[in-house]
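According to our numbering, the sequence shown holds residues 50 to 225 in order.
Every residue gets a Cβ at the ideal spot worked out from N, C-alpha and C, and that includes glycine.
In what follows, a structure is listed as structure tokens, so that the remarks can point back to it.
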Amino acid sequence: MSDPSFRVGIGYDVHRLVPNRPLILGGVSIPFAMGLLGHSDADVLLHAITDALLGAAALGDIGAYFPPSDMAWKDADSRHLLRVAVGHLRTAGWSTINIDATVVCEAPKLLPHVAAMRESIAATVGIGIECVSVKGKTSEGLGFTGRGDGIAAHVVALIQRHTEEASPSCARSSSE
Ligand code: MG
50 MSDPSFRVGI GYDVHRLVPN RPLILGGVSI PFAMGLLGHS DADVLLHAIT DALLGAAALG
110 DIGAYFPPSD MAWKDADSRH LLRVAVGHLR TAGWSTINID ATVVCEAPKL LPHVAAMRES
170 IAATVGIGIE CVSVKGKTSE GLGFTGRGDG IAAHVVALIQ RHTEEASPSC ARSSSE
């Protein structure tokens, strides 16, 4: 077999925090005085997940599929962008095994929202919630995240080649 059965991908994204925008992380609306600025809904976590999955499959990056110059993606729900990327992976023969994410921000506290974010991501990707990890982290007041200027997300994802006889433990065959 010329292709390895497993591949890993990394994703990273940053968006600026501004007033008068909703804060949406992992597809979940989070009550906060500020929100993330971007062409789409600026869901920094879903964007990093999308890039990790596309990267694992060497299918390019989120900007190639959803350029900010395209008005079709203005205020777009990033769950849709992620679903489209998962569809590209599926077509190319890849299933998602697991996703591990770290969201870096000084505020708000993310822990109360982690379960909802994991559920939302798992449903969007089509894997079990036990295969999705979301961790909140501050940067101890340092840098742009520490000043509250923005939120960053770091993600790794593992994918596996589809096989007829052995489906991966976490991947589900359901469509969306
Ligand atoms: Mg982004």
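Return the bridge partner residues of Pro258 from the DSSP annotation.
The chain is shown from 50 up to 225; residue 258 falls before or after that span and cannot be answered.
Distance, Cα to Cα, Gly60 vs Pro80?
Here residue 60 refers to the residue found at position 11 of the sequence shown. Here residue 80 refers to the residue found at position 31 of the sequence shown. Approximately 25 Å between the Cα atoms of the pair.
Just the Cα atoms here: how many angstroms apart are Val67 and Cys154?
The residue labelled residue 67 in the question sits at position 18 within the sequence shown. The residue labelled residue 154 in the question sits at position 105 within the sequence shown. Roughly 14 Å between the two C-alpha positions.
Helix, strand or coil: how does DSSP classify Ser78 here?
The residue you call residue 78 lines up with position 29 of the sequence shown. Shown here, Ser78 sits in a strand according to DSSP, grouped into three states.
Within the chosen definition, does the stretch 180-198 reach the stretch 132-139 through at least 3 CB pairs nearer than 8 Å?
At 8 Å Cβ cutoff, the stretches do not touch.
In the DSSP assignment, find the alpha helix (DSSP H) that holds Thr187 and state where it starts and stops.
Mapped onto the sequence shown, residue 187 falls at position 138. Unbroken run through Thr187: none, as it is neither H nor E.
Roughly how many whole angstroms lie between the Cα atoms of Ala106 and Ala172?
If you number the sequence shown from 1, residue 106 lands on position 57. If you number the sequence shown from 1, residue 172 lands on position 123. The straight-line gap from Cα to Cα measures roughly 20 Å.
Of the residues Leu102, His129 and Met166, which one's Cα is nearest the Cα of Arg210?
Along the sequence shown, read from residue 1 onward, the residue named residue 210 stands at position 161. Of the candidates Leu102, His129 and Met166, the one whose C-alpha sits nearest the C-alpha of Arg210 is Leu102.
Comparing C-alpha positions only, which one of Leu108, Val205 and Lys186 sits nearest to Ile146?
The residue labelled residue 146 in the question sits at position 97 within the sequence shown. Nearest neighbour of Ile146 by Cα position, chosen from Leu108, Val205 and Lys186, turns out to be Val205.
Within its chain, find whatever has a CB closer than 6 Å to the CB of Phe115; leave out the 5 residues flanking it on each side and keep chain order.
Looking up residue 115 in the sequence shown gives position 66. These residues qualify, in order along the chain: Trp122 and Leu130.
On a CA-only basis, which of Leu160, Ala141 and Ala91 is nearest Gly109? Give me that one, please.
Here residue 109 is taken as the residue at index 60 of the sequence shown, counted from 1. If we check each option's Cα against that of Gly109, Ala141 comes out closest.
How is Ser144 classed by DSSP in three states: helix, strand or coil?
In the sequence shown, counting from the first residue as 1, residue 144 sits at position 95. DSSP, read as helix, strand or coil, puts Ser144 in strand.
Can you tell me where the alpha helix (DSSP H) holding Ile176 begins and where it ends?
Position 127 of the sequence shown holds residue 176. For Ile176, there is no enclosing alpha helix (DSSP H), as DSSP marks it with neither H nor E.
Using only Cβ atoms and a threshold of 5 Å, which residues come within that distance of a heavy atom of the ligand MG? Order them by chain position.
Listed along the chain, these residues meet the criterion: Asp62 and His96.
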